[in-house]
Each structure stands twice: as structure tokens, then as C-alpha cells.
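Student:
Residue numbers (our numbering): 15 to 633.
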């Protein structure tokens, strides 16, 4: 970028010429001083003419040079503007505005050393994500491989990355991780660990903690209205639901006054009633009888008690539900973050209650003061994680709980356009073990499998482009594999191996005393290789097996050439469940070699049994 340098040079030239012209304008010849008692000296006319000529000459030359310098400065400014416009069009990096908050770092080096000093400034910028990708190159013999690690990187950090040293990590700074709980060690006889509970019963006598508060509250109410308070203590209000004003007028008597007193103090809960049983001889009658029992005569014009008991009597209150002993099993009580201690004026005072999620959210939110531009910028950066990934890729994650950092071998350039950019990280040489797997009972196709062991770094989940020699073979997804682990990769069908399977079946009687039937199976598998390199072939078979309790059935392996070995598939390869009777041959084949594998087994059943259905040629 030479335009900014040209602008600075031209601007400095203009400032220099302007300073020279200002100094030249101050160059003038003034009157000469002389004593008052002497006549003035002769005027230096020739010198003044020469000075005026010098000023005129210099001013004309410098003004001409100033015009040229101003033209040069204007041209440099135009070139700089054009370069900035081209850079702005070529990138999505946002430039800071004048009214935006900026950060600046002022450094003062106090060391007197003359050696070069390296300064590393680190700062976090949100809005970047990446996913793993690979290129796997095998030789023609599938004995060696080179694994190239790549990464798709996208960011929207408002600044382009030019020639940066890139390090990609699977760690998440905002990941929530709970601290491990270390159990205590006990010395002595081993005991069963106590059962963990999400709560515990409240201590006995918790209501007594509010005795002083209730006593003081009663004194305050007595000072405000002693008569009403006295009557209220003598006769407690009806615990039935609220009645209408007409019912209150019909009742009359001290109960209406007591109810008004209680309603006036409805802002705070009344003190808990004494725990005494109600008298059994007194029936729970209508409110009119209760009013008469108070000693006051009924009002004039009141209806008869029988009609009043039918019309004005409130419904009987439901029986109070017994409080549970301790703390009831409630899922909300296990949400410790939302538990609050009830205030003294609440019904469940002194106890933990679960706060409503909406109230908890509003309490935690408080007053929100934010700028719309800031919110939009944060949402745009957060959307980077939710943007569609390249085909077949996933977000980079840890492997078996361990995080790893991948360092790019060379410096990279990644613009801040939010698009995915492919970056080469590193390359690793691996030893490969190839094997052809064929199940001739099911298919004559031979499938190629390669075993790899990454050593330097783990393999993250991601697609891998597989090449054999210089030929592209396929694209497969690599599963997560830790360093030193084994990766089993399938490479499709190998057309260079021909497989033929022949089965001969015989059935005849055996035994003189205990008659039985023998089912003899002869299996012959022929392998023919047309590959140009040696290969290892794994041939899988399955022999019949007996279930538990089938004592009258016997399976005997008679002759197997060459010897085979038991085989059990991986648990992930058998979704149906248990797999028994697996056998396999592992034989090497040279280029153009033909080899025959033979196996003979006999199934012996009792004479009372009979083989029904099925294909006798397919045991």
C-alpha cells in the first residue's frame, strides 16, 4: 500500500512550502535608526532593490512548487480513496466509525536492552466456528497412508485475518462443568453408604420462632382498637368463604363487628390458633345462633331463625387438610436455584417455596439497557454457530472428554465474510493394515477394510476424501478416535477377488442301540485373486449351535482345512443381540493365486426328531 505513504509525503511537502512562504513574507527592510542630533544616513537603495527582487523570485518559485505539491497531494488522496474502496469491496470487514468506542493499548518499554523484543497481544472476538475434514491417501498396496487434517473455518469478527497463525481448539470457554464430589474415607468396618436425599425434614418447633412476632403484633392491634380486638379473641371468625353484604346484615351482632375487624387487619396473617379440640356438645349451627349466643338481641324486623338458617346460612366449610409431616415429595423442591424462603406475612412463612419460573426470570433480568446495534451485532455473531455446516461435517467437539488444539502449519488468510473457508492444518504418516472380508454364505463380494492408528492427535468426526494411489475412491465419515486408538475404515468392494462357495449335504442313520440321524455338511470355498499386490482375506462362516436344554442335539466339527478360529462381531455390529457359531479363516493370497478352504461338520439328532423345512444346502 503506497498510497498512504504518498499522501503523507505530499502533505509534508505542502506544509514545508507554506511555512517557507510565511517566513518569506516576514522578510522586509525597515527604517534605519539614527541619533536625534545627527542627520539621517543615506538610504541603501541598491540593497533594498536586491532584497525585493529576491523575495519576488523566491515567492514565485515556491508558489509554483506549492501548486504542484497540492496537485500531487490531491492525486495521492484520490489513489488512497480508490485503494480503500477496493479493499472495502473485496472484504466484509467492518470499519470503525468515528462515534464508536475504540480500544487502544499504550506500551512503555523500560528495558534498556538492544535485543529485538516480541510483543504478543491476545484478545477474544466472538463469532467464529470450525469443523473438521480430512484427506486420506493410500498407496496401491494399502500398507501406508498419509492423513491430511483440514478444517472449515468461518468467522464474522468484523476484521479480516491476513497472514495469521491459526490454532483451532475443541475447548468451549462457556461450557458448564460441575465440580466432582469426593467421598469421605472411613476407617473401620465397611458400611453401606447412606441414601442421598434431595431434601430433609424441617426441624421440630419451627412455628415457635414467630412467637415473639405474634405477641408484638397482638399488642399493636390491641392499641389500635382494644374493644374489637377483645371481641375477636373471644369469638374467632367463621372460616367459611367470604359472604355477601346482605348475609352480614342479616347476621348482625358481634360477629359482624368481629368480621370487620378481621378484614381491617387482612394485610397481615392472624396469629396461629391454639391447638385445642372443639367441644363435642356444641353443634356447628348457623351464624344466627352464633350471634344470639353472643348475648346481643337480634335486630328489629329480622326474619325467623328457621328461614334465616335456610337463606343466610353459609355452606359448611370443608375439613382442613392435614399438613404433611416434614416436606412432601415435590419436584419443585429439587430446583434449588428457584427456592425462596417465604416471608412472615405469607401463609407458608418460614418455609421454602419454589419461585415461579417467570418471576425468577423477571427478577434475574432486572432493567435491560442495551443498544440495538450492539444486540444485532451479538445476534449476528451468535448465529455463526447455527449457520448451515458444509455437507457431512459437524461442529468440532472433544473426544472422550479430552480437548485438543490443532495448529496450522502455515499462516492463513480468512476474510470476515461469514462463509466457509478450507484451511490445511497438518499432515501425518500412518501405517495401514488392509484386509478383505467376505461372507460367501451371504454374498460373493469382498469388502476392503483398513485399520489405522492415529498417533499425534485425535480424529474428530468429519468427512474424509479417500484416495488410492492417484485415484479418488470415495468419501467416508470418520468416527471420533483418540490418539493411539484403532480406526476401522471400509473402502467398498474389491473387484479383484473372485469367491465361489459349494455345499454338499448328506443325511444317514447312525448308532445301534440309540438310533440317531446325522446331518453332514461339507462346505468348500474357492478364492482367486487377480490383484497385482499381496492381499489378506478373511472368510467368515457360521456353524449351527444348540440352545440350552437341547441335549438330544449335538454339533461336531469334523474336518477343517486350513484351521479356522472362533469369531464374534462387535456389539455395535449386532443390533439383533447375541451372535453364536461364528468362524473365520484368515489366509494370505499372492497375486494370481487360487486357494480352496474346506470345512466339514455334523449335526446329530435323535431318531424321533425329523428335519422339516429349510434348505439343506444352506446350514
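Virtual Cβ for every residue (Gly too), placed ideally from N, Cα, C.
Distance check for residue 119 and residue 74, CA to CA, integer angstroms please.
Tutor: Cα-Cα distance, rounded: 47 Å.
Student: When you compare only the Cα positions, how much space is there between residue 464 and residue 431?
Tutor: Their Cα atoms are separated by approximately 39 Å.
Student: The beta strand (DSSP E) spanning residue 581 covers which residue range?
Tutor: Segment: none, residue 581 is in no beta strand (DSSP E) and carries neither H nor E.
Student: Does DSSP put residue 76 in a helix, a strand or coil?
Tutor: The answer is helix: DSSP assigns residue 76 an H, G or I state.
Student: In this structure, does DSSP put residue 218 in helix, strand or coil?
Tutor: The answer is coil: DSSP assigns residue 218 none of H, G, I, E or B.
Student: Kindly confirm or deny that the segment 486-506 and the segment 562-572 touch, where touching means at least three C-beta pairs closer than 8 Å.
Tutor: The segment 486-506 vs the segment 562-572: no contact.
Student: So, is residue 472 buried or exposed, given that buried needs 16 or more other C-beta atoms within 10 angstroms?
Tutor: Residue 472 should be labelled buried.
Student: Using a threshold of 8 Å, state whether the C-beta atoms of residue 444 and residue 165 are closer than that.
Tutor: Against a cut-off of 8 Å, the Cβ pair of residue 165 and residue 444 comes out as no contact.
Student: Keeping to the same chain, check which residues put their C-beta closer than 6 Å to that of residue 478; ignore five residues upstream and five downstream.
Tutor: Excluding sequence neighbours, residue 478 sits near 148, 150, 490 and 492.
Student: Could you name the residues of the same chain whose beta carbon sits closer than 6 Å to that of residue 460, not counting the 5 residues immediately before and after it, in chain order?
Tutor: Cβ within range, chain order: 450, 452, 508 and 511.
Student: So residue 536 is in the beta strand (DSSP E); what residue range does that whole segment cover?
Tutor: Here the beta strand (DSSP E) through residue 536 covers 530-543.
Student: How many whole angstroms separate the CB atoms of residue 417 and residue 183, which I take to be in contact at a CB cut-off of 8 Å?
Tutor: The pair is a contact, with the Cβ atoms about 6 Å apart (cut-off 8 Å).
Student: Using a C-beta cutoff of 8 Å, does residue 160 count as contacting chain D?
Tutor: No chain D is part of this structure, which consists of one protein chain only.
Student: Measure from the alpha carbon of residue 177 to the alpha carbon of each residue in 484, 424, 609 and 622, then state which is nearest.
Tutor: Looking at the Cα atoms, 424 is the closest of the given residues.
Student: Could you spell out the range, first to last residue, of the beta strand (DSSP E) harbouring residue 165?
Tutor: First-last of the beta strand (DSSP E) with residue 165: 158-169.
Student: Between residue 468 and residue 497, which are expected to be in contact by the criterion C-beta below 8 Å, what is the C-beta distance as a whole number of angstroms?
Tutor: Yes, they are in contact, since the Cβ atoms of residue 468 and residue 497 sit about 6 Å apart, within 8 Å.
Student: Let me know the secondary structure DSSP gives residue 23 once reduced to three states.
Tutor: Three-state DSSP puts residue 23 in a helix.
Student: Which one of 228, 361 and 411 has the shortest CA to CA distance from residue 145?
Tutor: Checked all of 228, 361 and 411; the closest Cα to residue 145 is 411.
Student: Might you give, ordered along the chain, the residues of its own chain that have their beta carbon closer than 6 Å to the beta carbon of residue 448, omitting 5 neighbours on each side?
Tutor: Cβ within range, chain order: 156 and 464.
Student: Residues in the same chain with beta-carbon distance under 6 Å from residue 550, minus the five sequence neighbours each way, listed in chain order, please.
Tutor: These residues qualify, in order along the chain: 449 and 602.
Student: What would DSSP say about residue 494, mapped onto helix, strand or coil?
Tutor: Coil at residue 494, not helix or strand.
Student: Considering only the beta carbon of each residue, do residue 495 and residue 542 sit closer than 8 Å?
Tutor: It is not a contact, given that the beta carbons lie outside the stated cut-off.
Student: In whole angstroms, what is the alpha-carbon distance linking residue 616 and residue 535?
Tutor: About 6 Å.
Student: Give the straight-line distance between the Cα atoms of residue 598 and residue 560, rounded to the nearest whole angstrom.
Tutor: So the two alpha carbons sit approximately 19 Å from each other.
Student: Roughly how many whole angstroms lie between the Cα atoms of residue 612 and residue 466?
Tutor: Rounded to whole angstroms, residue 612 to residue 466 spans 32 Å at the Cα level.
Student: Look at the Cβ atom of residue 409, then the Cβ atom of residue 168, and state whether they are nearer than 8 Å.
Tutor: No. Outside cutoff.
Student: Sort out for me which residues DSSP pairs residue 98 with in a bridge.
Tutor: In DSSP, residue 98 forms no bridge with anything.
Student: With DSSP collapsed to three states, give me the class of residue 311.
Tutor: Reliability of the predicted coordinates at residue 311 is poor, the pLDDT of 43 falling under 50, and no value is obtained from them.
Student: Could you compute how far the alpha carbon of residue 121 sits from the alpha carbon of residue 129?
Tutor: If I take the Cα positions, the gap works out to 17 Å.
Student: So, residue 224 versus residue 362, is the Cβ gap smaller than 8 Å?
Tutor: Contact: no.
Student: Consult DSSP for residue 435 and reduce its assignment to one of helix, strand or coil.
Tutor: Correct three-state label for residue 435: strand.
Student: Using the C-alpha atoms, what's the distance from residue 455 back to residue 203?
Tutor: Near 59 Å, if we compare the C-alpha coordinates of residue 455 and residue 203.
Student: Under a Cβ-count criterion, where at least 16 other Cβ atoms within 10 Å of its own Cβ denotes burial, should residue 199 be classed as buried or exposed?
Tutor: The residue in question, residue 199, is exposed, as its Cβ has fewer than 16 Cβ neighbours within 10 Å.
Student: Is the Cβ-Cβ distance between residue 72 and residue 31 less than 8 Å?
Tutor: Cβ distance not < 8 Å, so residue 72 and residue 31 don't count as in contact.
Student: Can you tell me which of the three DSSP states residue 59 falls into?
Tutor: Here residue 59 sits in helix by DSSP.
Student: Near residue 17, which residues of its chain fall below 7 Å by C-beta distance, leaving aside the five closest residues on each side in sequence?
Tutor: Answer for residue 17: 90, 93, 94 and 97, listed in chain order.
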